[in-house]
Amino acid sequence: MNSTEKSWLTYQQVMEELHIGSVNTVYKMINDGLKVTSIGRLKRIERKELDKYLASKTI
515 MNSTEKSWLT YQQVMEELHI GSVNTVYKMI NDGLKVTSIG RLKRIERKEL
565 DKYLASKTI
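Residue numbering for the sequence shown follows my numbering, beginning at 515 and increasing consecutively.
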């Protein structure tokens, strides 16, 4: 992992990284199986979970 990469991402960071224009797409990914971790009231997506989710969607 690159030292500048963060291991925990906000929904906004996921959107920016994947060039997604709407948070609704992130919500759909979550409903489709992307794992989210709650830290108090914050919700974060672990980079390895995002990578696993994307790999599972590869055709």
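Even glycine gets a Cβ: it sits at the ideal position worked out from N, Cα and C.
Boundaries (first-last residue) of the beta strand (DSSP E) holding residue i
{"i": "isoleucine 559", "result": "556-560"}
{"i": "isoleucine 553", "result": "551-553"}
Assigned exposure category for residue i - 16 Cβ within 10 Å defines buried
{"i": "leucine 568", "result": "exposed"}
{"i": "isoleucine 559", "result": "buried"}
{"i": "leucine 556", "result": "exposed"}
{"i": "glycine 554", "result": "exposed"}
{"i": "valine 540", "result": "buried"}
Cβ distance (whole Å) where residue i is taken to contact residue j below 8 Å
{"i": "leucine 548", "j": "glutamate 531", "result": "Contact doesn't hold; Cβ gap of about 13 Å is too wide."}
According to DSSP, residues forming a beta bridge with residue i
{"i": "leucine 523", "result": "Ile559"}
Span of the alpha helix (DSSP H), counted from its first residue to its last, around residue i
{"i": "isoleucine 534", "result": "From DSSP, isoleucine 534 is part of no alpha helix (DSSP H); its letter is neither H nor E."}
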